[in-house]
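The structure under discussion appears below in the form of C-alpha cells.
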C-alpha cells in the first residue's frame with residue numbers, strides 16, 4: 001500500500017520510492033515488481049514506476065456496483081408505477097448493455113435479459129446514450145441509424161427519448177439519461193412494452209415517471225460521491 005500511496009502523486013524512480021516509503025531498497029524493488037506483475041503498477045517511457053491499468057479497471061467496477069445498488073430499487077418502483085418492464089443500459093463501445101432490469105410479473109412482456117447487448121442504432125436508450133456524445137461520435141453513429149440528428153437534438157432539449165417499433169416490431173419504449181458525478185451521461189433508464197399498451201406516443205404516458213427515476217438515481221450517485 002505504501003508503494004501505491006507513493007505513486008499517487010506521480011511517477012517515481014526506485015530511488016524516489018525508497019525515499020518516499022522509507023522501505024529498504026531491495027524490499028521496495030521487490031514490491032514494485034510484484035505489483036507490476038499484477039498490473040497494479042506499470043512503467044512509463046523513462047522506466048519510472050507509475051500507477052497501473054488494473055486500478056482504473058477496479059474503480060470502474062466500483063462505480064458500476066454503486067450504480068447498480070442505487071438503480072435496482074428505483075427500477076422496481078418504476079416497474080410498479082408504470083406496470084411495464086424497466087431496464088438500465090450502459091454503453092460499451094458500439095453496443096449498449098442491459099446491466100439491470102425489473103420485469104413485469106405477468107402478461108405480455110418485453111423482456112431484455114441482464115447482460116443483453118443491443119445495437120446503438122435503434123431504440124430510445126440508444127438515443128439517450130448517444131445524444132450527449134461529441135459531434136464526431138454522433139456523426140459516425142447516425143450512419144445506418146433508425147433516428148436522425150434532429151431526433152437527438154429533441155432528446156437533448158426535453159431530456160427523454162421514445163421509440164416505437166424502432167428496434168423490435170411491436171415494441172415501444174421511453175428512456176431518460178442518468179448523469180454521473182461529473183455531469184456526464186453514464187447510463188439510461190428505460191421502460192418498454194408492447195405498442196398496444198404503450199401506444200404510439202409512449203412518452204406521453206411514461207416520460208415523467210422515467211425522468212423522475214433517472215433523476216433519483218443521478219442524485220443518489222452525486223450524494224454518495226459527496227459523502228465519499
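Residue numbers (the UniProt record's numbering): 1 to 228.
Cβ atoms here follow ideal geometry from the backbone N, Cα and C, with glycine treated the same way.
- A direct Cα-to-Cα measurement between residue 205 and residue 31 gives close to 59 Å.
- With a cutoff of 8 Å on beta-carbon distance, residue 127 and residue 151 are scored as near each other.
- Per DSSP, reduced to three states, the secondary structure at residue 188 is strand.
- Between residue 211 and residue 159, the gap from beta carbon to beta carbon is short of 8 Å.
- The segment 77 to 85 and the segment 189 to 202 touch, with no fewer than 3 CB-CB distances between them shorter than 8 Å.
- Within the segment 126 to 158, the complete alpha helix (DSSP H) runs of at least 4 residues fall at 135 to 142 and 149 to 158.
- Considered as a whole, the segment 24 to 56 harbours 25 to 37 as its complete alpha helix (DSSP H) runs of no fewer than 4 residues, in chain order.
- DSSP places residue 116 outside both helix and strand once states are collapsed to three, so it counts as coil.
- Around the beta-carbon of residue 166, 16 or more other beta-carbon atoms lie within 10 Å, marking it buried.
- Sequence-distant partners of residue 155 (beyond 5 residues in either direction) whose C-beta falls short of 7 Å from its own C-beta, in its chain, are 127, 128, 131 and 161.
- From the listed residues 2, 93 and 88, the smallest Cα separation to residue 99 is found for 88.
- Taking C-beta separations shorter than 7 Å and ignoring five residues to either side along the sequence, the partners of residue 138 in its chain run 130, 149 and 152, following chain order.
- Burial of residue 21 is indicated by the presence of at least 16 other C-beta atoms within 10 angstroms of its C-beta.
- The criterion of a C-beta distance shorter than 8 Å is satisfied by residue 191 and residue 174.
- Selection 123, 103 and 5 evaluated against residue 41 yields 5 as nearest (Cα-Cα).
- Distances from the CA of residue 48 to each of 102, 56 and 16 were compared; the closest alpha carbon is that of 16.
- Annotation for residue 162: the continuous beta strand (DSSP E) segment containing it runs 161 to 164.
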